[in-house]
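Inspection log for the structure reproduced underneath, given as structure tokens.
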Amino acid sequence: MTTTAPRDEQLWSRCDGCASLLYRKRLRRNLDVCPECGTHARLDAPDRVAQLADPDSFIPLPDRAVRVDPIGFVDALPYPHRLSAARAGTGLDEAVLCGTARIGGQPVALAVMDFRFLGGSLGCAVGELITATAERALVDEVPLVLVTASGGARMQEGALSLMQMATVSQAIAGLREAGLLTVSVITDPTYGGVAASFATNTDVVLAESGARLGFAGPRVIRQVTGATLPEGFQTAEFLLRHGQIDMVVPRHALRGRLTALLAAAQAGRRAARRLSVPRQEPAPRPAPGADATALATAAGPERDAWATVRAARHPGRPTTLDYLETAFDGFVELHGDRLGADCPAIVGGVARLDGRSVMVIGHQKGHTTAELVARNFGMASPAGHRKALRLMRLAARLGLPVVTLVDTPGADPGVSAEQQGQAAAIAENILALSVLSTPVVAVVTGEGGSGGALALAVADRVLMLENAVYSVISPEGCAAILWSDSSAAPQAARALRLTAADLCRLGVVDEVVPEPRPAAHDDPAGAAELLRRAVAANLTPLLDVPAATLVRRRRYRFRRYGAAHTTEVCQ
Ligand SMILES: [Zn+2]
17 MTTTAPRDEQ LWSRCDGCAS LLYRKRLRRN LDVCPECGTH ARLDAPDRVA
67 QLADPDSFIP LPDRAVRVDP IGFVDALPYP HRLSAARAGT GLDEAVLCGT
117 ARIGGQPVAL AVMDFRFLGG SLGCAVGELI TATAERALVD EVPLVLVTAS
167 GGARMQEGAL SLMQMATVSQ AIAGLREAGL LTVSVITDPT YGGVAASFAT
217 NTDVVLAESG ARLGFAGPRV IRQVTGATLP EGFQTAEFLL RHGQIDMVVP
267 RHALRGRLTA LLAAAQAGRR AARRLSVPRQ EPAPRPAPGA DATALATAAG
317 PERDAWATVR AARHPGRPTT LDYLETAFDG FVELHGDRLG ADCPAIVGGV
367 ARLDGRSVMV IGHQKGHTTA ELVARNFGMA SPAGHRKALR LMRLAARLGL
417 PVVTLVDTPG ADPGVSAEQQ GQAAAIAENI LALSVLSTPV VAVVTGEGGS
467 GGALALAVAD RVLMLENAVY SVISPEGCAA ILWSDSSAAP QAARALRLTA
517 ADLCRLGVVD EVVPEPRPAA HDDPAGAAEL LRRAVAANLT PLLDVPAATL
567 VRRRRYRFRR YGAAHTTEVC Q
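If you want the working numbering, it's the 1-based position in the sequence shown plus 16.
Below, the structure is given as structure tokens:
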């Protein structure tokens, strides 16, 4: 709705749907839904909480330090200036409002995102706050309700913002294990990293009428594919038709639907309590002052970020199938997601590494244009992510360690990928990997592009080749948005901190795998040997760790990204 005067004195609003001029008080009484055409205006987080929670029941979580600029990001404006402006403009500390509340008399932990605050973007502080809300739900043994509104990950926090998808997902996994209901309420708009994690890996997904959700936004899809988008693309009704959400709920009915779901879960728990399921402890909190940089090991020599991006994309760079021929032996490829497709951009199967059987799953690009086209440039479809998930679970059942090789510009941003649930497919992989009961070693071999990379990279050890990159967004995409000029990609590449050395310092990556000089494509056999040694050295110590310990440590690893960067490290 477009308002005609500053908030305090506004008397009239114009509906964005039908352009009717509406008396503001009447609109408020109607929950900001146009009485003429039914358009649902966007709500800010305080208004949303007021509409959903029982009167006076909302208690905010205790204040936490949320002043962060973990990578010192500057585009036209330094990031802290953008944060200050968002705080002044919204009256909120961050893009989410979290607390405990009652809905229809049922106690819940509640996190509500606010799109006004930097587009509801998911940064370290937002990840930390939502994770803390999930942990509160676990301690209080109450359901978790998440209301999402977000453009995606916060690119000003680089790969650390990407890690928040895993941080929140491992907390949701904890609630799943404890048998506590998680519900997400999708509001308009919900995209990118939020869509591909906690918006869709909860037990029940409701979408408010008029909400849109997708992995890739319509503008990106049009740019990348040139496709004309079908009518109603990515709307709540579209998602329902394609089996991706449980229901579309008009705003007036939202409280009632949530109350009914919460009551059902409460009744189920009362019945289950007789079986006395042991309660899961929340992941241990990092000690105050825990410094992610202290976890970094042997960072390689520096190279300019943009030169590294170009090396990472070099067509001669060894692919996953090349490494399977050279660094591994006896690869037996397994195909299919068992749901209707076999994605060529993901290859996987059993192989041997130093005589030990492992499950290898990786993105496959190619060296020639024909190969690249046949492999969709290494951009996995939802079927590819589901094939990977099937192989990960198979590995856990068989007791095989998992080795993933990450090399993708990003997940497939096409129309049919959205129709088949790209966001939910990625979200499910992130969650499944966070609790997988077998060792996982991930190696970023080329491009680690955003959520598509993370869908294979929630691991016990994350390695990165010296000339690989790993980023929340492509430098070109970042430049187009923040510099309004895609030719600023080299500057964006530097600002994003996407090289192996940078990510080692930030604790996102554990070890840099050296490449032959000047780069892997000059000596593929040498590169394969270095990769083999690094994977074996990192995998061996994990083999003796009991599964429960492994999972606890892995979850702790992805838990600390929020906390470490909202405490002392980045002040
Ligand atoms: Zn209207």
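Cβ coordinates follow ideal geometry from the N, Cα and C atoms, glycine included.
Just so we're clear, the structure is a prediction, and the values are computed from it rather than from any experiment.
Nearest candidate by alpha-carbon position, reference T342, set R42, A386, A367 and I497:
Looking up residue 342 in the sequence shown gives position 326. Residue A367 is the option with its Cα nearest to T342.
Check whether the Cβ of A35 lies closer than 8 Å to any heavy atom of ligand 1, and answer yes or no.
Here residue 35 refers to the residue found at position 19 when the sequence shown is read from its first residue. Yes, ligand 1 has a heavy atom inside 8 Å of this Cβ.
Threshold first: 3 residues or longer. Then list the beta strand (DSSP E) segments lying entirely within the stretch 328-369, N to C.
Uninterrupted beta strand (DSSP E) stretches at least 3 residues long and entirely within the stretch 328-369 occur at 345-349 and 362-369, given in chain order.
Residues that DSSP places opposite C114 in a beta bridge:
Taking the sequence shown and counting its residues from 1, one reaches residue 114 at position 98. DSSP output for C114 lists A127 as bridge partner(s).
Taking buried to mean at least 16 other C-beta atoms within 10 Å of its own C-beta, is D72 buried or exposed?
Position 56 of the sequence shown, counted from the start, is the residue given in the question as residue 72. Exposed, because fewer than 16 other Cβ atoms sit within 10 Å of the Cβ of D72.
Assigned secondary structure, E492 (DSSP; H/G/I helix, E/B strand, else coil)
In the sequence shown, residue 492 corresponds to position 476, counting from 1. Reduced to three states, the DSSP call for E492 is helix.
Give the range of the alpha helix (DSSP H) segment to which G105 is assigned.
Against the sequence shown, residue 105 aligns to sequence position 89. From DSSP, the alpha helix (DSSP H) with G105 extends over Y95 to T106.
Hey, out of L340, G465 and G233, whose CA is closest to T206's CA?
Counted from its first residue, the sequence shown places residue 206 at position 190. Per the Cα distances, G233.
Check the DSSP bridge columns for E253 and list the partner residues they point to.
Residue 253 sits at position 237 when you count from the first residue of the sequence shown. E253 is not bridged to any residue.
Between the stretch 250-265 and the stretch 448-463, are three or more C-beta pairs nearer than 8 Å?
no
Buried or exposed: which applies to H202, given that a residue is buried once 16 or more other Cβ atoms fall within 10 Å of its Cβ?
Along the sequence shown, read from residue 1 onward, the residue named residue 202 stands at position 186. Looking at the sequence shown, residue 202 is not His but Ile. Flag for I202 reads buried.
Please confirm whether L154 and A182 have their CB atoms less than 9 Å apart.
For the purposes of this step, residue 154 is identified with residue 138 of the sequence shown, where counting begins at 1. For the purposes of this step, residue 182 is identified with residue 166 of the sequence shown, where counting begins at 1. No. Outside cutoff.
Compute every distance between the C-beta of T149 and the non-hydrogen atoms of ligand 1, then say whether any falls below 8 Å.
As a position in the sequence shown, residue 149 is number 133, starting the count at 1. Relative to ligand 1, T149 has its C-beta separated by 8 Å or more from all heavy atoms.
Tell me whether G54 counts as near ligand 1, meaning its Cβ is closer than 8 Å to at least one heavy atom of that ligand.
For this step, residue 54 is matched to residue 38 along the sequence shown. Flag set: Cβ of G54 near ligand 1.
As assigned by DSSP and simplified to three states, the class of P557:
As a first step, residue 557 must be located in the sequence shown, where it is residue number 541. If DSSP states are grouped into helix, strand and coil, P557 belongs with the helices.
How far does the alpha helix (DSSP H) with L498 in it reach, from first residue to last?
On the sequence shown, position 482 is the one that residue 498 refers to. Where L498 is concerned, there is no enclosing alpha helix (DSSP H), because DSSP gives it neither an H nor an E.
What first and last residue would you give for the alpha helix (DSSP H) that runs through D63?
Mapped onto the sequence shown, residue 63 falls at position 47. D63 -> alpha helix (DSSP H) spans A61 to L68.
Could you please give the first and the last residue of the uninterrupted alpha helix (DSSP H) stretch that includes S432?
Translated into the one-based positions of the sequence shown, residue 432 becomes position 416. From DSSP, the alpha helix (DSSP H) with S432 extends over V431 to Q435.
Element boundaries [beta strand (DSSP E), containing G462]:
Locating residue 462 in the sequence shown gives position 446, counting from the first residue. G462 -> beta strand (DSSP E) spans V456 to G465.
Where does C34 land, buried or exposed, given buried means 16+ other C-beta within 10 angstroms?
By 1-based counting over the sequence shown, the position of residue 34 is 18. Classification of C34: exposed, given that the 10 Å Cβ count is below 16.
With a 10 Å radius around its C-beta and 16 neighbouring C-beta atoms as the bar for buried, classify Q26 as buried or exposed.
If you number the sequence shown from 1, residue 26 lands on position 10. The residue in question, Q26, is exposed, as its Cβ has fewer than 16 Cβ neighbours within 10 Å.
Simplified DSSP assignment, three categories, for S373
Here the question's residue 373 lines up with position 357 in the sequence shown. In the structure shown, S373 sits in a strand (DSSP, three-state: E or B).
Excluding five sequence neighbours on each side, which residues of the same chain lie with their C-beta closer than 8 Å to the C-beta of V293?
On the sequence shown, residue 293 is found 277 positions in, with the first residue counted as 1. Here V293 scores only 44 on pLDDT, less than 50, and its place in the model should not be relied on; the value that follows carries that caveat. So the qualifying residues of the chain are A194 and G195.
What distance in whole Å lies between the Cβ atoms of A552 and D370, which are believed to be in contact at a cut-off of 8 Å?
As a working mapping, residue 370 is identified with position 354 in the sequence shown. As a working mapping, residue 552 is identified with position 536 in the sequence shown. Yes, D370 and A552 are in contact; Cβ-Cβ is about 5 Å, under 8 Å.
For L555, which of A471, I497, V418 and A427 has the nearest alpha-carbon?
On the sequence shown, residue 555 is found 539 positions in, with the first residue counted as 1. Ranking the options by Cα distance to L555, first place goes to V418.
My output table needs one value for T565: the three-state DSSP class, helix, strand or coil.
Walking along the sequence shown from the start, residue 565 turns up at place 549. Residue state, collapsed to three classes: helix.
Would you kindly work out how many angstroms separate the C-alpha atoms of I377 and D476, rounded to a whole number?
For the purposes of this step, residue 377 is taken as the residue at position 361 of the sequence shown. For the purposes of this step, residue 476 is taken as the residue at position 460 of the sequence shown. The alpha-carbon atoms of I377 and D476 are separated by roughly 15 Å.
Leaving out the 5 sequence neighbours to the left and right, which residues in its chain are closer than 6 Å to A357 when beta-carbon positions are compared?
By one-based count along the sequence shown, residue 357 stands at place 341. Exclusion of the five residues before and after A357 leaves A399 as the residues of its chain whose Cβ lies within less than 6 Å of its Cβ.
Does the beta carbon of L27 come closer than 9 Å to any beta carbon on chain D?
As a matter of chain content, chain D is missing from the structure shown, which is built from one protein chain.
Compute the minimum distance between the beta carbon of C50 and the heavy atoms of ligand 1, and state whether it is under 8 Å.
The residue labelled residue 50 in the question sits at position 34 within the sequence shown. At least one heavy atom of ligand 1 is nearer than 8 Å to the Cβ of C50, so yes.
Distance, Cα to Cα, R510 vs M171?
If you number the sequence shown from 1, residue 510 lands on position 494. If you number the sequence shown from 1, residue 171 lands on position 155. Their backbone Cα atoms lie some 13 Å apart in a straight line.
Between the CA atoms of L479 and C520 - distance to the nearest angstrom
The residue you call residue 520 lines up with position 504 of the sequence shown. The residue you call residue 479 lines up with position 463 of the sequence shown. It is roughly 9 Å from the alpha-carbon of C520 to the alpha-carbon of L479.
Check each candidate in S432, G523, A443 and V528 and name the one with the smallest Cα separation from T244.
Translated into the one-based positions of the sequence shown, residue 244 becomes position 228. That would be S432, whose Cα lies nearest to the Cα of T244.
Ligand 1 heavy atoms versus the CB of C31: any closer than 8 Å?
Your numbering for residue 31 matches position 15 in the sequence shown. Yes; taking the cut-off as 8 Å, the Cβ of C31 has a heavy atom of ligand 1 nearer than that.
How far does the beta strand (DSSP E) with T183 in it extend, from its first residue to its last?
As a position in the sequence shown, residue 183 is number 167, starting the count at 1. Segment G174 to E193 is the alpha helix (DSSP H) holding T183; no beta strand (DSSP E) there.
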